[in-house]
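Novice:
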Amino acid sequence: MHAYRSHTCVELSEANVGEEVRLSGWINRKRDHGQLVFVDLRDHYGLTQCVIDSSDACFEMVESARLESVVTVTGEVLKRSDETINTSLPTGHIEVRIEKFSVQSAADTLPLQVNSDENSGEETRLRYRFLDLRRTRPHDNIMLRAQIIQSIRGRMVALGFTEFQTPILTASSPEGARDFLVPARLHPGKFYALPQAPQQFKQLIMVSGFDRYFQIAPCFRDEDSRADRSPGEFYQLDLEMSFVEQQDVFDAVEPVIRGVFEEFSDKSIDSEFVHIPYAESMLKYGNDKPDLRVPFEITDVTEIFRDSGFSIFAKNVEKGAVVRAVPGPKCGSRAIADRMNSWAQSEGAPGMGYIIYGDGEARGPVAKAVGAEKAEEIRVAAGVGDGDAVFFACAPANEAASLAGRARVKIGEDQGLIDQDSFKFAWVVDFPMFELDEVTGKIDFSHNPFSMPQGGMEALENMDPLEIKAWQYDLVCNGIELSSGAIRNHLPEVMYKAFEIAGYENSVVDEKFPAMINAFRFGAPPHGGIAPGIDRIVMLIANEPNIREVILFPMNGKAEDLMMAAPSAVDDVALADLYIRRVPVIKSKSD
RNA sequence: GGGGGUGUAGCUCAGUUGGUUAGAGCGCUGGCCUGUCACGCCAGAGGCCGCGGGUUCGAGUCCCGUCACUCCCGCCA
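If you want the working numbering, it's the position in the first sequence, counting the first as 1, plus 53.
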């Protein structure tokens, strides 16, 4: 017989009754009846109940073995009597009589409870991740992730995409997020950077003539974490296609995403992903990642408040502010309105005006100030009725949109109006090519500098830069940005011109993007692509509120790996090899 | 960098208006229990109430500071 096991802990059934078997695994739980002990033995595959009574030689060993110790059990498979069958276990019709018992590895008192569905504190979970991962839900999440990635690979290959690996040590790029830098031993004073995404490589793969590329690609960005953003590193389904327009990319990606979501989740999915222009999304949803599960939209009511009796808004509108109205279904009470107002203050806004509609009339300070006629206009514009409320965000357009957007989601959540059993996908399209930097007042790329402007060279030469749209798109699901992509700019002259508008001379392009600009001089196919975030896809399908739940060994919010104790100090000898010297950290008061 | 939340036994948590000896479940140690499957019963050990200062006759509880974890804003082409 094998030294450790003849079967796994899920395999045995009535068919094996009478066989001598050997199982190895962890002690999940024990039930000690004094003269009779039950041991639930757990491995990756399942649970098998093992049993021993005091007449047996190894009884005391079994009785004293601690939970989570790794043990090997040898014995006969017994059929359970009808009254003792456990129908909630696949192996519940049998049990194994412990005839030989050995402890392969004893466990200390546990820092977290493995056989519990309750999460321990985050720090404990991360420090003892190998214990946390034994628990059912984390274990299942990681298996789900592996299966999703496997399914994605299969789907991509079936569509004629080929998986390539791209470099991990590459050049720092001036745009975008903060880079992780790696000192170059052979080049004192110089650094590699970890790729924020294989962006330039995948475009160069197209220029190299490979037509359809994909990769489950690690991406590295030194930016702060969020619940849906792991610090440091994450994975994208990176893909790129030659000779395509925007709709071709959608047609390729949509079935893959829908297929994966349908394969691994029971939630409903619309048959077609809606297309929402960026400007419309900002207006109706207050952001570029709309949660379409919230069953109401924001309306612009600026003109109703212009010259109205509500002087605070009227004055702000005169100065260029806008007013956005957020419907509040069943929010027609003073208590809810007050709660929204203090919520808005906690979000950094001065507050949130409101009108309450009830018994055929409009109530509240705003309603009084603007009069019944305008209050009715607002009610119709917002599409609400008796018992509802309307909340107002009055500020410069970006700020008002943002506050209204957050209020919309909050109302949806608070009022229980979000369908928890659906995935609502949307393509957000027509992103602006450029935007105004609010601090410097300069024009800059609003998204990806490698995107093709809609209208090409002609648009760059003749239009107001802020009016130019790009062939740039996001895929959004339930208010989470799943992916971002674009039709790329493959024309050197158009690229120079675009960078020129953003304030960069040709020489900057030549210096910072030598590969791209060189490549585009030797016959570059028109191409485009997208890069859905793997971690976020798994997080949505697993129905987890935090991205750490779908990552094997995640870092904490401060980008530390508590289990491995990374980052860590290194000695001066290692630094000297790299021509690096430590300097004291100087903390100024302004820090 | 800024704001919010949390921090009490190995783990998950309770702890009233500031008032005697800080509790429960799980786990751990010991005892009882031969059909449990979150087994049951009895007993015990285990506490710098995150840390430091302050107010007070008296602080787990109030105040200030600080640290840790977390969520959000900034940031994330």
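All C-beta atoms in this analysis are idealised placements derived from N, C-alpha and C, irrespective of residue type, glycine included. The model shown is predicted, which means the values in this text are computed figures rather than measured ones.
Assess contact between the region 528-540 and the region 335-345, defined as three or more Cβ pairs (one per stretch) separated by less than 8 Å. Is contact present?
Specialist: yes
Novice: Ignore the nearest five residues each way along the sequence and tell me which others in Met616's own chain have a CB closer than 7 Å to its CB.
Specialist: Along the first sequence, read from residue 1 onward, the residue named residue 616 stands at position 563. Hits under 7 Å: Leu179, Arg180, Arg182, Phe606.
Novice: Helix, strand or coil for Ala675 per DSSP?
Specialist: Because the chain in this structure spans residues 54 to 644, residue 675 falls outside the shown range and cannot be described.
Novice: I need the DSSP call for His328, collapsed to helix, strand or coil.
Specialist: As a working mapping, residue 328 is identified with position 275 in the first sequence. Here His328 sits in strand by DSSP.
Novice: To the nearest angstrom, how far is the alpha carbon of Lys337 from that of Thr352?
Specialist: As a working mapping, residue 337 is identified with position 284 in the first sequence. As a working mapping, residue 352 is identified with position 299 in the first sequence. Distance between the alpha carbons of Lys337 and Thr352 is about 6 Å.
Novice: What are the boundary residues of the beta strand (DSSP E) that Phe498 is part of?
Specialist: As a first step, residue 498 must be located in the first sequence, where it is residue number 445. 496-498 is the span of the beta strand (DSSP E), which, as asked, contains Phe498.
Novice: Buried or exposed: which applies to Asp624, given that a residue is buried once 16 or more other Cβ atoms fall within 10 Å of its Cβ?
Specialist: Residue numbering aside, residue 624 sits at position 571 when the first sequence is read from its first letter. Label assigned to Asp624: exposed.
Novice: So if DSSP puts Leu76 in a beta bridge, which residue, or which two residues, is it bridged to?
Specialist: Taking the first residue of the first sequence as 1, we reach residue 76 at position 23. Per DSSP, the beta bridge partners of Leu76 are Val126.
Novice: Within its chain, find whatever has a CB closer than 7 Å to the CB of Asp291; leave out the 5 residues flanking it on each side and keep chain order.
Specialist: Mapped onto the first sequence, residue 291 falls at position 238. Ala250, Pro251, Lys255, Phe267, Gln268, Ala270, Ala584, listed in sequence order.
Novice: In three-state terms, what does DSSP make of Ile633?
Specialist: Against the first sequence, residue 633 aligns to sequence position 580. In the structure shown, Ile633 sits in coil (DSSP, three-state: anything other than H, G, I, E or B).
Novice: Excluding sequence positions up to five away, which residues of its chain have a Cβ less than 6 Å from the Cβ of Arg265?
Specialist: As a first step, residue 265 is located in the first sequence; it is residue number 212 there, counting from the start. Excluding positions up to five away in sequence, the list reads Gly213, Phe214, Met294.
Novice: What is the DSSP secondary structure of Met616, counted as helix, strand or coil?
Specialist: Numbered from its first residue, the first sequence carries residue 616 at position 563. In the structure shown, Met616 sits in coil (DSSP, three-state: anything other than H, G, I, E or B).
Novice: Under 8 Å between the Cβ atoms of Ser499 and Glu488?
Specialist: Here residue 499 corresponds to residue number 446 of the first sequence, with the count starting at 1. Here residue 488 corresponds to residue number 435 of the first sequence, with the count starting at 1. Yes, the Cβ-Cβ distance between Ser499 and Glu488 is below 8 Å.
Novice: Find out if the Cβ-Cβ distance for the pair Phe296, Pro506 is shorter than 8 Å.
Specialist: Your numbering for residue 296 matches position 243 in the first sequence. Your numbering for residue 506 matches position 453 in the first sequence. No, Cβ-Cβ distance for Phe296 and Pro506 is not below 8 Å.
Novice: Can you give me the start and stop residues for the beta strand (DSSP E) that Asp106 sits inside?
Specialist: The residue you call residue 106 lines up with position 53 of the first sequence. It spans 100-106 - the beta strand (DSSP E) in which Asp106 sits, taken as one unbroken run.
Novice: Rounded to the nearest angstrom, how far is the Cβ of Phe244 from that of Trp480, given a contact under 8 Å?
Specialist: Taking the first residue of the first sequence as position 1, residue 244 is located at position 191. Taking the first residue of the first sequence as position 1, residue 480 is located at position 427. Actually they do not touch by this definition, with Cβ atoms about 37 Å apart.
Novice: Nearest-angstrom Cα distance between Leu631 and Phe233?
Specialist: As a first step, residue 631 must be located in the first sequence, where it is residue number 578. As a first step, residue 233 must be located in the first sequence, where it is residue number 180. So the alpha carbons of these two residues sit roughly 16 Å apart.
Novice: From the DSSP output, read off the bridge partner residues of Gln268.
Specialist: Here residue 268 refers to the residue found at position 215 of the first sequence. According to DSSP, Gln268 bridges with Asp291.
Novice: Nearest-angstrom Cα distance between Val63 and Thr137?
Specialist: Position 10 of the first sequence, counted from the start, is the residue given in the question as residue 63. Position 84 of the first sequence, counted from the start, is the residue given in the question as residue 137. Their Cα atoms are separated by approximately 18 Å.
Novice: With burial defined as no fewer than 16 other Cβ atoms inside 10 Å of the residue's Cβ, what is the status of Gln473: buried or exposed?
Specialist: For the purposes of this step, residue 473 is taken as the residue at position 420 of the first sequence. That one is exposed.
Novice: Which of helix, strand or coil does DSSP assign to Lys642?
Specialist: Against the first sequence, residue 642 aligns to sequence position 589. Interpretation of Lys642 is limited by its pLDDT of 38, a score under 50 that renders its predicted location unreliable; no figure is taken from the coordinates.
Novice: To the nearest angstrom, how far is it from the Cα of Glu129 to the Cα of Arg188?
Specialist: If you number the first sequence from 1, residue 129 lands on position 76. If you number the first sequence from 1, residue 188 lands on position 135. Taking the straight line from one Cα to the other gives about 28 Å.
Novice: Around the Cβ of Lys372, are there at least 16 other Cβ atoms within 10 angstroms (buried) or fewer (exposed)?
Specialist: Numbered from 1 along the first sequence, position 319 holds the residue referred to as residue 372. Classification of Lys372: exposed, given that the 10 Å Cβ count is below 16.
Novice: Taking a contact to mean a Cβ-Cβ separation below 8 Å, would you say Leu456 touches Ala397 in this structure?
Specialist: In the first sequence, the residue the question calls residue 456 occupies position 403. In the first sequence, the residue the question calls residue 397 occupies position 344. A contact, by the Cβ cut-off of 8 Å.
Novice: Measuring straight from C-alpha to C-alpha, what distance separates Ala40 and Trp79?
Specialist: Summary: the structure shown does not reach residue 40, with the chain confined to residues 54 through 644, and so no result is reported for it.
Novice: Buried or exposed: Thr493, going by 16 or more other Cβ atoms within 10 Å of its Cβ?
Specialist: Translated into positions along the first sequence, residue 493 becomes position 440. The residue is exposed, with fewer than 16 neighbouring Cβ atoms inside 10 Å.
Novice: Does the structure place the region 559-567 close enough to the region 377-384 that three or more beta carbon pairs sit under 8 Å?
Specialist: no
Novice: Might you give, ordered along the chain, the residues of its own chain that have their beta carbon closer than 6 Å to the beta carbon of Ala612, omitting 5 neighbours on each side?
Specialist: As a working note, residue 612 is residue 559 in the first sequence. Excluding residues within five positions, the ones whose Cβ falls inside 6 Å are Pro284, Gly285.
Novice: Taking all protein chains shown into account, decide if Tyr706 is buried (16 or more other Cβ within 10 angstroms of its Cβ) or exposed.
Specialist: The question about residue 706 has no answer here: the residues shown for the chain are numbered 54 through 644.
Novice: Which runs of the alpha helix (DSSP H) spanning at least 4 residues fall entirely within the region 340-396, listed in chain order?
Specialist: 355-358, 364-371
Novice: Please name the residue in Asn542, Asn559, Ile600 whose C-alpha comes closest to that of Tyr549.
Specialist: Here residue 549 refers to the residue found at position 496 when the first sequence is read from its first residue. Among Asn542, Asn559, Ile600, the Cα nearest to that of Tyr549 belongs to Asn559.
Novice: Can you round the beta-carbon distance between Val375 and Ala453 to whole angstroms, since I take them to be within the 8 Å contact cut?
Specialist: In the first sequence, counting from the first residue as 1, residue 375 sits at position 322. In the first sequence, counting from the first residue as 1, residue 453 sits at position 400. About 5 Å; that satisfies the 8 Å criterion.
Novice: Start and end of the alpha helix (DSSP H) containing Pro308?
Specialist: Within the first sequence, the letter at position 255 stands for residue 308. Per DSSP, the unbroken alpha helix (DSSP H) holding Pro308 starts and ends at 299-317.
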